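Enquirer:
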Amino acid sequence: MRDLRTTDQQNPFSPYLKRWALTPDGDPITTPRAGLLPVLRDGEPAMLKVSTEPEEGFGARLLAWWGGDGAARVLALEDNALLLERATNGRALSHLVREGRDDEATRITCRVIERLHAPRPGPLPDLIPLTQWFRDLTDASPDGLLGRAKQLAIGMLGQQTDIRPLHGDIHHDNILDFGERGWLVIDPKRLIGDRVFDYLNVFGNPDLKSAADPTLFERRLATIAEVARLDRKRLLQWLLAWSGLSAIWCINDKVDGDVTDPDRLAIDLKVAELAAAELDR
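What follows is the structure, encoded as structure tokens:
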């Protein structure tokens, strides 16, 4: 692969390296939606992210709105380019799960979300309502478990309470260890709606093994309900609805030939089954 640290015209990082006085500090990272480059600014580690999709830029504006409280601090932002503080130890919250510290990881997640949901001054960036986010499920005609998820989604979307700006994709690999700054989120989806939504991704991550474990599911459910002060039944109803939406996305991606996570559909269906079983007790 071509070295993206060079300063040729095809290098997406080059304009921002010059404009923001940055020095490359590692190899570039390529994702389906962006290129990332570890850099130094005034000797301090940072990450330069240049996105290929406009949606990434909208999410960066929510990241900036949080002002570094519960989220990585935005150092510069322009169009599709983002400069943010860098986590240098390479540790995500998924490391704790794989070390057998899932309860600790769940509590950390709850504390991070509470910081993100705290009231803040200043105008909000443009955010996507949950009713729009769920449209692929609510406009579909599934049956069985996914049909139940659809009906729950319609009901819960019509009864939202405690509306907050939402990260929308809080999972174990989007919460990183920033050393003295603590655990902070990256890569928001910039949603707005019932605060319970930001807790749902915990159940389907970081892998199929943990997501499909009934004992782990019960512990996560109890911990989140307690720490986040959420009604257990509402949490389960939202979880079944969300798992249905994620499953529909996976099915649609498979039809389109775009499968980036082969375990995701199995995870979504298992979490939906566990949530439905708890609701039926």
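Each residue of the sequence shown is one higher than the last, beginning at 724 in the numbering used here.
By construction, the Cβ of each residue, glycine as well, lies at the ideal position given by its N, Cα and C atoms.
Computed from a prediction, not measured in an experiment: that's the story for all the values here.
1. For F1074, which residues in the same chain have their Cβ closer than 8 Å to its Cβ, ignoring the five residues on either side in sequence?
2. With respect to the beta strand (DSSP E) encompassing P777, which residues constitute its N-terminal and C-terminal limits?
3. Hey, P1019 and G749 are a contact pair by Cβ (cut 8 Å); roughly how many whole angstroms apart?
4. Report the three-state DSSP secondary structure of G758 (helix, strand or coil).
5. Let's see if you can read the secondary structure: which residues bound the beta strand (DSSP E) around G927?
6. Helix, strand or coil: which one does DSSP assign to G881?
7. From the DSSP output, read off the bridge partner residues of D792.
8. Under three-state DSSP, which class holds P768?
9. Starting from the Cα of P751, find the closest Cα among R764, K741, S737 and give me that residue.
10. By alpha-carbon positions, which one of L785, R756, Y739 ends up nearest to L889?
11. Do P844 and N803 count as a contact pair if the criterion is CB distance below 8 Å?
12. Considering only the beta carbon of each residue, do I947 and L939 sit closer than 8 Å?
13. Suppose contacts are defined by Cβ-Cβ distances below 8 Å. Is R955 in contact with L944 by that definition?
Expert: With the given structure in hand:
1. The structure shown does not extend to residue 1074, since the chain spans only 724 to 1004, so no value can be given for it.
2. From DSSP, P777 is part of no beta strand (DSSP E) but of the alpha helix (DSSP H) over 777-788.
3. Shown here, the chain extends from 724 to 1004; a query on residue 1019 therefore has no answer.
4. strand
5. No beta strand (DSSP E) holds G927; DSSP gives it neither H nor E.
6. coil
7. Per DSSP, none; premise fails for D792.
8. In the three-state scheme derived from DSSP, where H, G and I count as helix and E and B as strand, P768 is classed as strand.
9. S737
10. L785
11. With respect to the 8 Å criterion, N803 and P844 are not classified as neighbours on the basis of their beta carbons.
12. no
13. yes
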